[in-house]
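Q: If you want my numbering, it's the 1-based position in the sequence shown plus 310.
Glycine included, each C-beta is placed from N, C-alpha and C at the ideal position.
Here the structure is a predicted model, which means the values were calculated and not measured.
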Amino acid sequence: MKLQGKKAWITGASSGIGQATARALAAEGADLIISARREERLTELATELQAQGRSVTVAPVDVSERAGMEAVGETIKSQGGVDILINNAGTMPISPIINGRVDEWEQMIDTNIKGVLYAINAVYPGMAERKDGHIVNISSVAARLTYQSAGVYGGTKHAVRAISDTLRKEAIRFGVRVTDIQPGSVDTELPDSIAHDKIRAAVKDNMYGEDMPNLKPEDIANGIIYAVTQPPYVDVSELLIRPVIQEN
Numbered sequence: 311m312k313l314q315g316k317k318a319w320i321t322g323a324s325s326g327i328g329q330a331t332a333r334a335l336a337a338e339g340a341d342l343i344i345s346a347r348r349e350e351r352l353t354e355l356a357t358e359l360q361a362q363g364r365s366v367t368v369a370p371v372d373v374s375e376r377a378g379m380e381a382v383g384e385t386i387k388s389q390g391g392v393d394i395l396i397n398n399a400g401t402m403p404i405s406p407i408i409n410g411r412v413d414e415w416e417q418m419i420d421t422n423i424k425g426v427l428y429a430i431n432a433v434y435p436g437m438a439e440r441k442d443g444h445i446v447n448i449s450s451v452a453a454r455l456t457y458q459s460a461g462v463y464g465g466t467k468h469a470v471r472a473i474s475d476t477l478r479k480e481a482i483r484f485g486v487r488v489t490d491i492q493p494g495s496v497d498t499e500l501p502d503s504i505a506h507d508k509i510r511a512a513v514k515d516n517m518y519g520e521d522m523p524n525l526k527p528e529d530i531a532n533g534i535i536y537a538v539t540q541p542p543y544v545d546v547s548e549l550l551i552r553p554v555i556q557e558n
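So this is what it looks like as structure tokens:
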């Protein structure tokens with residue numbers, strides 16, 4: 311159990327990549343703080359992992375709400391901090407920019423960028439003080455490429471990639487490592503956040519069709535475990551993980 315004695319905070323832990331990562335971290339011996347908006351799902355996950363001998367704190371929060379994230383940060387400080395942050399929560403209500411879905415743009419910016427920064431701010435100072443820690447931000451293949459109808463979403467993921475690499479350079483002197491995980495097509499609930507009916511159907515047809523089998527959330531969790539279990543002198547700065555057949 312490579313993470314015995316370590317504690318990790320995971321945002322977006324109620325489903326998909328976050329849930330799979332919680333299970334993978336617990337299997338490696340880590341104790342957990344799990345966050346998401348759906349408290350009932352967090353409670354179910356906590357019960358499952360506690361039965362395996364792990365300490366699990368349920369901290370429901372909407373990552374886009376600064377006050378709520380600061381409150382979780384205070385809870386974490388009261389428990390002595392965390393060794394690992396998995397910045398996973400995100401949303402993807404994509405649509406062509408011409409449609410002017412400003413509320414959805416703001417939702418993506420608030421969740422995908424501000425939420426990432428709020429979580430970093432909650433734990434990074436403590437890690438820096440202890441001269442140890444690992445921050446893992448989940449961006450996307452869309453942090454490298456651009457796609458029609460995904461301009462704002464891709465913009466938020468490009469931002470996460472830029473924030474991650476800048477933080478990596480700043481955090482070196484504190485002994486804190488930073489990893490940007492870039493998933494390709496993964497079978498999760500993320501496309502369900504697309505309100506535009508035609509685009510939601512097109513995305514699901516493209517991502518979930520027989521011609522391109524998707525990754526499973528566990529595949530991304532395995533990549534995260536690889537990154538956070540490397541020796542202290544190894545920094546896995548970026549990890550792009552996508553289906554073999556995915557061209558873009």
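Please report the residue range of the beta strand (DSSP E) in which residue 318 lies.
A: Run containing residue 318: 317-320, per the beta strand (DSSP E) assignment.
Q: In the DSSP assignment, the beta strand (DSSP E) including residue 493 goes from what residue to what residue?
A: It spans 486-493 - the beta strand (DSSP E) in which residue 493 sits, taken as one unbroken run.
Q: Rounded to whole angstroms, what's the CA-CA distance from residue 415 to residue 339? Just pull it up for me.
A: If I take the Cα positions, the gap works out to 38 Å.
Q: Given that a residue counts as buried once 16 or more other Cβ atoms are within 10 Å of its Cβ, and exposed if not, what is residue 393?
A: By the 10 Å Cβ count, residue 393 comes out buried.
Q: Say whether the region 439-457 touches the region 346-366, bearing in mind that this needs 3 or more beta-carbon pairs closer than 8 Å, one atom from each stretch.
A: Touching, no, given that fewer than three Cβ pairs across the two stretches are closer than 8 Å.
Q: Mark residue 463 as exposed unless 16 or more other C-beta atoms lie within 10 angstroms of its C-beta, in which case mark it buried.
A: The residue in question, residue 463, is buried, as its Cβ has 16 or more Cβ neighbours within 10 Å.
Q: What did DSSP end up calling residue 549 once you bin it into helix, strand or coil?
A: Of the three classes helix, strand and coil, the one that applies to residue 549 here is strand, per DSSP.
Q: Throw me the rounded Cβ distance for the residue 466 and residue 504 pair, which I believe falls under 8 Å.
A: Between residue 504 and residue 466 the Cβ distance is about 15 Å, and since that is not below 8 Å, they are no contact.
Q: Got a sec: does the ligand COA put a non-hydrogen atom nearer than 6 Å to the Cβ of residue 412?
A: No copy of the ligand COA appears in this structure; indeed no ligand is present at all.
Q: Would you please state the rounded distance, in angstroms, between the beta carbons of residue 399 and residue 382? I believe it to be under 8 Å.
A: Actually they do not touch by this definition, with Cβ atoms about 12 Å apart.
Q: Where does residue 318 land, buried or exposed, given buried means 16+ other C-beta within 10 angstroms?
A: Buried: at least 16 other Cβ atoms inside 10 Å.
Q: Would you say residue 356 reaches chain B, if we count a Cβ-Cβ gap shorter than 7 Å as a contact?
A: Absence of chain B from the displayed structure is noted, only one protein chain being present.
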